[in-house]
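2 protein chains.
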Amino acid sequence: QPGDRLLGGLLSPGFDDGSCLSRYGSFSYRRPSPNNPSAYLISRLRNYESLHKRCGPNSKPYKEALEALRSGSAVGYGECKYVVWISFSGLGNRILTLTSSFLYALLTNRVLLIDQGKDMMDLFCEPFPDESWLLSKDFPVTDQFDSLGQSSPNCHGHLLKNNMINSTEKRMPSYLYLHLAHDYNDHDKMFFCDEDQKVMEKVPWLIIKSDNYFIPSLFLMPSFEQELFNLFPHKEAIFHHLGRYLFHPSNHVWGLITRYFDSYLARADERIGIQIRTLDGGDGPLSYVMDQIIACTQNEEILPKVDQHGTVSSSPSEDTRLKAVLVTSLNLGYSDNLKNLYWMYPTVTGEVVGVYQASHEGYQQTEKPLHNLKAWAEMYLLSLSDVLVTSSWSTFGYVAQGLGGLKPWILVKPENRTTPNPPCGRAMSMEPCFHAPPFYDCKAKRGIDTGVVVPHVRHCEDMSWGLKVVGDDHQDL
Amino acid sequence: QPGDRLLGGLLSPGFDDGSCLSRYGSFSYRRPSPNNPSAYLISRLRNYESLHKRCGPNSKPYKEALEALRSGSAVGYGECKYVVWISFSGLGNRILTLTSSFLYALLTNRVLLIDQGKDMMDLFCEPFPDESWLLSKDFPVTDQFDSLGQSSPNCHGHLLKNNMINSTEKRMPSYLYLHLAHDYNDHDKMFFCDEDQKVMEKVPWLIIKSDNYFIPSLFLMPSFEQELFNLFPHKEAIFHHLGRYLFHPSNHVWGLITRYFDSYLARADERIGIQIRTLDGGDGPLSYVMDQIIACTQNEEILPKVDQHGTVSSSPSEDTRLKAVLVTSLNLGYSDNLKNLYWMYPTVTGEVVGVYQASHEGYQQTEKPLHNLKAWAEMYLLSLSDVLVTSSWSTFGYVAQGLGGLKPWILVKPENRTTPNPPCGRAMSMEPCFHAPPFYDCKAKRGIDTGVVVPHVRHCEDMSWGLKVVGDDHQDL
Ligand SMILES: Nc1nc2c(ncn2[C@@H]2O[C@H](COP(=O)(O)OP(=O)(O)O)[C@@H](O)[C@H]2O)c(=O)[nH]1
Ligand SMILES: Nc1nc2c(ncn2[C@@H]2O[C@H](COP(=O)(O)OP(=O)(O)O)[C@@H](O)[C@H]2O)c(=O)[nH]1
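Respectively, the protein sequence lines represent chains D and W.
With the first sequence counted from 1, adding 91 to any position gets you the working numbering.
With the second sequence counted from 1, adding 91 to any position gets you the working numbering.
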């Protein structure tokens, strides 16, 4: 079905295949999506693609906007405005902030361009036909990306704090730096107020540094709300659609994904992904986490129980059902223990369980290029699961669940190094959690609990102060 | 086919299934044997089983023979004579010496009984119907098994050396200890002379301690030669038949074997076993051994070459051919490297390669019961391969090749810590190598090269001074 190949119309058909085999090849590895993109989203994406082509890094408007940037003034920037995304933080975080920045660009009719950082080009294909999304090498602010922070002169929050910007201002700067990282302050958070958005409209360049999936708070802004409903009538599949639209593994990563899948996972009857990300220190597998994994997967009947007194399975047969478990973790111990468990004992169901782990990198080594290729391959492989178990607080897991269209079982974050009870709970939606949302009512100008304002934006399962978008079927849970 | 279930008539049909699921279950995991047991072998095995029943540890003759043993004199021992096998050395060695002892018992019309050592009962089922092969707990010499050696009073070599035994002797001892371990001396080696065999005929109890597969030298003894030809007309499948006859994994081990096979190997299109046993010291994977494994498997087209410059395989397809490689090694490094190689790069053939390792025990820990269960499971799993690569000098590998009926590719023993060239060669036969054969002509009473006396007993591929039996098709190589 050609419709599948384009993921229900999400993808433009106009790309050349060979340069990015994953783009039109992914559908043959994925389960069908639980949720089709709306016709409106599709038409907005096609329109965005035209805009991107018209305003992209090789266009005249881009050159004009660069001129304005160099001049320091918003005056005379031409017909296009931009969102520039700075490559920042771990790969899971980057994928989520890039998605957030893209949606923000879509909502504000801006063009998204990205800082290619160390490895963005090694990891991802170009998402838009005809024109690159990579910022040109001569972009004048590039060498300040690392140092941009809350006290940078063009930082939106900084300008606000010092009353140097407001909607009546005549001379707007040519760019604003939007500090949307976890440590942002109340001034930076004014980004989420319609009034401030009005000011920004006049600025051709918005440069974003973030490590947060900030889409849930966009849903709370009256200026965006209706458009978001039109784009995402089912609400919860925002990252599911935009992520599959934007992030196509490079051929290098696609090789890692397909080879691993074909070698270890393809022939199983059911695929289970378990993403283990421990934030408590300590070497080796943590026993309370190991216990938690086993308790969760066995209580929730994700994996069969074993018969500790049995030796051979009671009903051996030619067509034994095979479950393949893909574990991702920096540490090898969890999968090793699980593998041993299902080697040493028969299951009570007679199923057999194969346990796999692609890499065990020991610790986060974001600077090593192969490290992130593997991380991306593993997030993607997890997303090909039929059932997914993730760790609390991890964007790595959010990416997997979102791309896969899966509501994972989330391992409850352990407190005091003990196994939580219950060990895990089912996610309400496949959406990622916004870890550091603002708690502010822009109209009333006072603090509020933004997790109880509308039924489709709620506190996250894994982080009580986080916000996530939930689908219609979960809004009155 | 019920014939398959009994391995071409090798097995007696008279066992109860449940107590030993591997016995009649193995045929469904194995490829068909390249070589059928002869009708004569089958009839001799059935006869042996009757003898074993008649003389076994619960019989009257056994009690009489025990009486004689206690009295110290061969006089009045009843109608049965015995070979007692002492559990000694690594598991591969034990399997080979037990097979040698059994064949020797068969040739001399004796009954084989075994010292159950630490774990023989945990590892193996009873091989003979109706009567156990385990020595009774009250066997008077058991507590001397460990200390029996070349200077023990009843040691055959010791008695010879001191002229305390010969064929005209009237008062024969009730037992002889036969020291057939690698450090045995010229007197001990007289075991392989017909004249000495004549003497032993009068002794009811022969107690053997060995770490060698001594069958090749039995072929050089005129008194046994014809019988051996009748039993094994194709010669080379001696261990293949006797091993499959004697060694049935216990239910515990069978669980390990079948679960591992069903989880990781069953669905592959081809199974390749690689047994890595390094005798040079040093932690971690040895780079010259790693290079050797890759050179051997790729030169001999056992595994496909990879395209170091490729990223995605050229012809991805639904029905990609899958090769499963089972690596056994005390060290995890070799399989880890191999797994990574086939993850990182596409193969030039478009095949995909999954790499598996069941255990990585670090070092030999013969005393740990689970250690040997795993070792036995892994030898057996290797034997289920379609193609086998083994390490030089290792009885662990010999067991796998023999049970599987496979002529392995043998990795040449590295010298000076460098990769040998060629890295491996094909074995002439599936038979194990006798590592410490005698070089003596019993008639001429002088040293000779026993590897050139007859065409079917030749020096081994992996050990120039070893001896092995080769089949008719290889005798004039
Ligand atoms: N290959 C691999 N890398 C991991 C894994 N877990 C964490 N990492 C590394 O650590 C980084 C974690 O950052 P991020 O992806 O933002 O996820 P988060 O920190 O869990 O939210 C990843 O990008 C990887 O570089 C894993 O299971 N596999
Ligand atoms: N599980 C496991 N054990 C091994 C392996 N290689 C060696 N061992 C252990 O080391 C012992 C080696 O002794 P043996 O079986 O007689 O083989 P050999 O020394 O290679 O002739 C085995 O019995 C195991 O206990 C391996 O690949 N897997």
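Built from N, CA and C at the ideal position, the CB exists for glycine as well.
Because the structure is a prediction, the values reported are computed rather than measured.
Residues sharing a beta bridge with residue i, DSSP
| i | result |
| --- | --- |
| TYR268(W) | CYS246(W) and ILE298(W) |
| SER164(D) | PRO264(D) |
| PHE525(W) | LEU558(W) |
| PRO340(D) | PHE215(D) |
| ILE256(D) | According to DSSP, which records beta bridges pairwise, ILE256(D) is partnered with nothing at all. |
| GLY445(W) | ALA415(W) |
| TYR531(D) | GLY538(D) |
| GLN455(D) | DSSP, once it has assigned bridges, lists no residue as partnering GLN455(D). |
Which of helix, strand or coil DSSP assigns to residue i
| i | result |
| --- | --- |
| ILE348(D) | helix |
| LYS559(D) | strand |
| TRP484(W) | coil |
| THR388(D) | helix |
| GLU361(D) | strand |
| HIS143(D) | helix |
| HIS550(D) | strand |
| TRP224(W) | coil |
| ARG508(D) | coil |
| ASP287(W) | helix |
| ARG135(D) | helix |
| GLN207(D) | coil |
| TYR436(W) | coil |
| ARG122(D) | coil |
| GLY401(D) | coil |
| THR419(W) | strand |
| ASP567(D) | The predicted model places ASP567(D) with a pLDDT of 47, which falls under 50 and marks its position as unreliable, so this point remains unresolved. |
| ARG201(W) | coil |
Residue i Cβ short of 8 Å to ligand 2 heavy atom set
| i | result |
| --- | --- |
| GLY183(W) | yes |
| GLY651(D) | Beyond the ends of chain D as shown, which are 92 and 568, falls residue 651(D); an answer cannot be given. |
| GLY488(W) | yes |
| TRP484(W) | yes |
| LEU421(W) | yes |
| GLU452(W) | yes |
| ILE367(W) | yes |
| SER492(W) | Contrary to the premise, residue 492(W) reads as Gln rather than Ser in this sequence. Answer for GLN492(W): no, Cβ out of range of ligand 2. |
| GLN288(W) | no |
Own chain, CB closer than 7 Å to residue i, minus 5 neighbours either side, in chain order
| i | result |
| --- | --- |
| ASP287(W) | MET281 |
| SER555(W) | none |
| HIS332(D) | LEU101, PRO128 and LEU132 |
| ARG335(D) | LEU98, LEU101 and LEU494 |
| PRO104(W) | LEU97 |
Residues of its chain near residue i, where Cβ-Cβ distance is below 6 Å and the 5 sequence neighbours each way are ignored
| i | result |
| --- | --- |
| SER450(W) | LYS465 |
| HIS550(W) | GLY542 |
| ASN126(D) | HIS325 and ALA328 |
| ALA527(D) | HIS273 and ASN303 |
| TYR355(W) | TYR447 |
Residue i CB to nearest heavy atom of ligand 4 below 8 Å
| i | result |
| --- | --- |
| LYS465(W) | Looking at this structure, you won't find ligand 4 anywhere; what it does contain is ligand 1 and ligand 2. |
Contact test: residue i Cβ vs ligand 1 heavy atom, cutoff 8 Å
| i | result |
| --- | --- |
| HIS462(D) | yes |
| SER129(D) | no |
| SER426(D) | no |
| ARG350(D) | no |
| GLU469(D) | yes |
| SER227(D) | no |
Decide yes or no for the touch test of the segment 253–273 of chain W against the segment 152–170 of chain W: beta carbon pairs closer than 8 Å, at least 3 of them. yes
Per the contact definition of three or more C-beta pairs closer than 8 Å, is the segment 302–317 of chain W in contact with the segment 186–194 of chain W? yes
Between the segment 101–116 of chain D and the segment 330–345 of chain D, are three or more C-beta pairs nearer than 8 Å? yes
Kindly confirm or deny that the segment 463–476 of chain W and the segment 377–389 of chain D touch, where touching means at least three C-beta pairs closer than 8 Å. no
Should the segment 550–562 of chain D be regarded as contacting the segment 516–528 of chain D, the criterion being three or more beta carbon pairs within less than 8 Å? The segment 550–562 of chain D is in contact with the segment 516–528 of chain D.
Assess contact between the segment 197–208 of chain W and the segment 138–156 of chain W, defined as three or more Cβ pairs (one per stretch) separated by less than 8 Å. Is contact present? By the Cβ test, the segment 197–208 of chain W is in contact with the segment 138–156 of chain W, since at least three Cβ pairs between them sit closer than 8 Å.
With a cut-off of 8 Å, do at least 3 Cβ pairs link the segment 287–299 of chain W to the segment 247–258 of chain W? yes
Counting Cβ pairs, one atom from each stretch, are 3 or more of them under 8 Å apart for the segment 219–233 of chain D and the segment 147–161 of chain D? With the cut-off at 8 Å, the segment 219–233 of chain D and the segment 147–161 of chain D touch.
So does the segment 368–379 of chain W actually touch the segment 417–424 of chain D, counting three or more Cβ pairs closer than 8 Å? no
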